[in-house]
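**Student:**
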Ligand code: F58
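Numbering (full-length UniProt numbering), first residue to last: 1 to 835.
(1) Could you check whether residue 219 and residue 228 sit closer than 7 angstroms to each other, using their CB atoms as the reference points?
(2) Are the beta-carbon atoms belonging to residue 223 and residue 301 less than 7 angstroms from one another?
(3) Is the separation between the beta-carbon of residue 371 and that of residue 335 shorter than 7 angstroms?
(4) Quick one: using the 10 Å Cβ neighbour count with 16 as the cut-off for buried, is residue 245 buried or exposed?
(5) What's the C-alpha gap between residue 658 and residue 265?
(6) Give a yes or no on whether the C-beta atoms belonging to residue 780 and residue 622 are separated by under 7 angstroms.
(7) Taking the straight line between their C-alpha atoms, what separation do you get for residue 767 and residue 723?
(8) Quick one: using the 10 Å Cβ neighbour count with 16 as the cut-off for buried, is residue 646 buried or exposed?
(9) Could you check what DSSP says for residue 305 in three-state terms: helix, strand or coil?
(10) Helix, strand or coil for residue 204, going by three-state DSSP, please let me know.
(11) Determine the direct distance from the alpha carbon of residue 309 to that of residue 231, and round the result to whole angstroms.
(12) What is the C-beta distance between residue 180 and residue 611, in whole angstroms, given that I count them as a contact (C-beta under 8 angstroms)?
(13) Going by C-alpha to C-alpha distance, which of 508, 422 and 467 sits closest to residue 376?
(14) Quick check on DSSP: helix, strand or coil for residue 2?
(15) Leaving out five residues on either side along the sequence, give the residues of the same chain with a beta carbon under 6 angstroms from the beta carbon of residue 111.
(16) If you check the beta carbons only, do residue 452 and residue 413 fall under 7 angstroms apart?
(17) List the residues that DSSP assigns as beta-bridge partners of residue 231.
(18) Just the C-alpha distance for residue 84 and residue 150, rounded to the nearest angstrom, thanks.
(19) Since residue 563 is in the beta strand (DSSP E), which residue starts that stretch and which ends it?
(20) Assign residue 783 to one of three DSSP states: helix, strand, or coil.
(21) Since I believe residue 345 is in contact with residue 384 (beta carbons under 8 angstroms), could you give me their beta-carbon distance rounded to a whole number of angstroms?
(22) Residue 639 to residue 89, Cα distance in whole Å?
(23) Exposed or buried, what is residue 428 when buried is set at 16 or more other beta-carbons lying within 10 Å of its beta-carbon?
(24) What do you get for residue 587, buried or exposed, if any count of 16 or more other CB atoms within 10 angstroms of its CB means buried?
(25) Have a look at residue 833 and residue 497 and give me their C-alpha separation to the nearest angstrom.
(26) Please look up how many angstroms separate the CB atoms of residue 626 and residue 584, rounded, as I've assumed it's under 8 angstroms.
(27) Assign residue 185 to buried or exposed, taking buried as 16 or more other Cβ atoms, counted over all protein chains shown, within 10 Å of its Cβ.
(28) I'd like to confirm something about residue 139: is its beta-carbon nearer than 6 angstroms to some heavy atom of ligand 1, or not?
(29) If you drop the 5 nearest sequence neighbours on each side, which residues of the same chain put their C-beta closer than 6 angstroms to that of residue 660?
(30) If you run the structure through DSSP and keep just helix, strand and coil, what is residue 840?
(31) Residue 492: buried (16+ other C-beta within 10 angstroms of its C-beta) or exposed?
(32) Can residue 480 be considered in contact with ligand 1, in the sense that its beta carbon sits closer than 6 angstroms to one or more heavy atoms?
(33) Under three-state DSSP, which class holds residue 275?
(34) Does the beta carbon of residue 214 fall short of 6 angstroms from some heavy atom of ligand 1?
(35) May I ask whether a heavy atom of ligand 1 can be found less than 6 angstroms away from the beta carbon of residue 293?
(36) Please report the Cβ distance between residue 354 and residue 343, rounded to the nearest whole angstrom; I am assuming they are in contact, meaning their Cβ atoms lie under 8 angstroms.
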């Protein structure tokens with residue numbers, strides 16, 4: 001079959017797409033297990049069970065299977081004494097687990113059939129599960145994909161994070177505006193987790209340091225915290241593909257050491273008696289507490305230290321109980337810092353080694369560096385964490401002392417080098433003196449690690465020439481690249497089962513074991529029978545998404561229109577506004593020339609803006625306002641629709657991505673570290689319109705220029721342009737379309753009730769266009785016309801779509817994790833299916 005489209009196979013797709021019927025005995029066994037759970041764990045019978053009860057019973061029945069394999073995995077790691085990987089991340093954007101668990105345990109068809117026998121629809125249960133939204137966006141989702149791939153590759157790994165009571169806020173759109181509500185994923189309980197009551201760690205804050213003199217005359221620093229909070233462990237098993245290996249996601253919840261102050265309570269101060277408890281438990285209350293206030297900043301630092309310290313205490317305890325000697329830590333543990341949020345762990349490990357285990361400083365520093373590695377996810381200066389020295393000194397006095405000493409020794413070393421100018425030392429220092437004294441967490445993570453990585457080739461290169469230029473010159477070769485990836489189990493099989501069946505017929509059923517075999521699909525790009533079926537699957541997904549849009553927004557979509565999709569966090573650098581401007585320009589043109597042959601098109605937006613990010617929230621409102629006007633304009637006749645789907649999350653992404661024709665990846669070049677949505681879309685066959693930014697560059701390399709729509713300034717050009725000034729006036733003056741689109745927004749065409757609502761957005765683009773929207777507008781607009789031309793030529797469109805899918809195997813997170821394992825962690829991997 002290699003290289004040749006096999007026509008007989010393609011005509012047979014229907015017969016095998018449904019898969020072989022699951023064995024009757026297995027189905028009966030699963031049905032009985034679910035019934036048993038329903039009765040003894042949920043305490044309901046068939047007649048009284050609600051859909052939620054069925055969900056819990058089904059989750060518990062698959063969980064039992066997972067647990068068997070989990071205990072084996074833990075035993076096996078112990079027996080083999082192999083090195084463990086610890087992935088420290090303040091975010092794990094997991095999404096729903098039921099379908100994922102069933103898929104990875106290869107129980108999905110049997111369970112669907114078993115539930116059907118009981119009159120229950122698995123899809124209904126799927127929708128009942130709340131999304132575990134313990135993350136903001138790409139960084140958190142990457143951590144979730146990595147956990148799955150580490151299990152798939154049988155790496156003995158733990159994810160460590162925080163068990164937030166409330167994950168990312170629930171977004172509602174009212175009158176076009178974003179409103180934030182607390183999210184409540186634990187309100188019905190969580191069937192996946194196990195509290196480990198025996199594991200409780202004390203986490204200190206504040207207090208003072210006492211200096212003791214040891215018998216040999218050496219001084220020892222002893223931290224006496226003023227406050228101690230307890231960290232409680234909750235474990236969730238993470239199943240890898242085919243269930244051969246299961247890892248643990250251990251999330252920490254905060255609890256006060258004392259449930260209440262009994263003396264205060266008895267004296268009548270019932271609220272005051274709970275104050276300490278409220279203060280302690282606020283640490284794991286919400287994901288990313290607003291940090292615009294000093295109290296919010298302090299809470300964020302408390303979260304970071306709380307989870308870093310609990311995780312390190314836990315892994316050091318495990319290491320000592322298994323291997324007995326703290327000095328071998330780096331041989332048996334690799335700790336990955338997911339961005340700088342856990343970077344305080346570097347100082348914490350030094351504190352544990354030096355203060356608790358009396359390891360000499362230099363040796364402790366050697367162990368620390370050999371154990372840690374650090375992933376950077378952004379070059380945006382405002383996103384690079386720094387903490388005010390006074391805050392750090394008050395909350396973590398011993399850690400501040402340790403950071404000062406790390407810094408002193410580091411600067412002493414570089415001071416002996418050839419260039420030891422004041423400016424260079426200031427740039428290399430762990431302490432930024434330019435805006436009050438602040439600790440640079442990126443520097444701490446860099447110095448405390450043996451490897452530092454970016455998340456796409458371009459991003460890793462830019463790290464070396466921008467924020468980490470000076471540090472890279474001190475330790476050349478430390479920065480490496482690990483281009484992000486995505487798990488195909490969730491983003492192909494679970495999100496798009498019909499496409500997966502079609503692809504599996506061509507490449508065989510080991511597709512999810514080794515995604516690179518997708519290459520075998522390439523020859524089918526020219527096979528009409530195949531592309532027809534591929535297109536039919538897309539259409540069915542679009543029909544399903546249209547039903548969802550109708551239900552949620554009351555807007556009717558034409559499934560034959562081009563679905564042009566822009567879903568991700570709302571941020572100026574991601575340039576949703578560039579997309580809106582093109583929408584407005586086309587809207588004006590349709591109204592001016594209604595007789596032209598317009599391509600019916602639907603612009604789909606979704607995404608959340610940080611609660612305090614005023615401009616991003618205004619962009620959301622603009623998208624909604626434009627939708628309101630465009631969708632109801634009689635001249636437009638439905639040829640252009642604009643929808644903003646509220647409350648974007650992992651589950652919604654799973655519905656939208658398989659229905660997308662065009663994927664918008666249009667960030668200002670040099671600003672999107674990688675992107676992973678871009679990979680999910682291309683895998684599912686959407687064509688990308690994008691800038692040469694992040695992983696788009698590598699997608700282009702793999703799919704080839706004819707199969708992707710690249711436009712706009714390059715990262716170098718962006719840098720050069722910015723040095724000439726960032727006013728948009730010149731670009732606007734040159735482009736009539738752009739100036740008209742801006743004018744209609746500024747004059748209130750989309751906000752007649754408040755005509756100047758968008759004046760601030762238009763003014764920013766005109767005078768202070770840092771993200772170079774105006775500079776890229778014409779190039780984007782023209783590329784969108786190329787998209788139209790290509791869409792008219794359906795054969796060519798579907799050819800490109802198939803070529804995209806067939807070249808996405810490399811973007812599997814199994815490949816990314818294999819690279820981390822070999823080049824950073826030094827741990828073995830076992831590919832799935834080879835057990
Ligand atoms: C994202 N970062 C990058 N940060 O923007 C994206 O290009 C990349 O693909 C992804 O990481 C994975 O490497 C990101 O998602 C955050 O969400 C921050 C978390 C802390 C608060 C501010 C946002």
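From the three backbone atoms N, C-alpha and C, an ideal C-beta is built for every residue, glycine too.
**Tutor:** Let me spell this out:
(1) no
(2) no
(3) yes
(4) Per the 10 Å Cβ criterion, buried.
(5) Cα atoms of residue 658 and residue 265: separation of roughly 56 angstroms, rounded to the nearest angstrom.
(6) no
(7) 15 angstroms
(8) Buried: at least 16 other Cβ atoms inside 10 Å.
(9) DSSP places residue 305 in helix when its eight states are reduced to three.
(10) Correct three-state label for residue 204: strand.
(11) 9 angstroms
(12) About 5 angstroms separates the two Cβ atoms, so the contact holds.
(13) 467
(14) Unreliable positioning characterises residue 2 in this predicted model, as indicated by a pLDDT of 34, which lies under 50. The coordinate reading is nonetheless provided below. Here residue 2 carries a coil assignment [DSSP, helix/strand/coil].
(15) 30 and 102
(16) no
(17) 201 and 254
(18) 11 angstroms
(19) 562-567
(20) helix
(21) That belief does not hold up - the Cβ atoms of residue 384 and residue 345 are roughly 17 angstroms apart, past 8 angstroms.
(22) 44 angstroms
(23) buried
(24) The residue is buried, with at least 16 neighbouring Cβ atoms inside 10 Å.
(25) Going by the C-alpha atoms only, they are around 20 angstroms apart.
(26) 6 angstroms
(27) buried
(28) yes
(29) 563, 565, 681 and 686
(30) The structure shown does not extend to residue 840, since the chain is modelled only from 1 through 835, so no value can be given for it.
(31) Classification for residue 492: buried.
(32) Exclusion of residue 480 from the 6 angstroms shell around ligand 1 follows from its C-beta lying no nearer than that to any non-hydrogen atom of the ligand.
(33) helix
(34) no
(35) It does not: the Cβ of residue 293 is nowhere closer than 6 angstroms to a heavy atom of ligand 1.
(36) Rounded, the Cβ-Cβ distance is 18 angstroms, inconsistent with contact.
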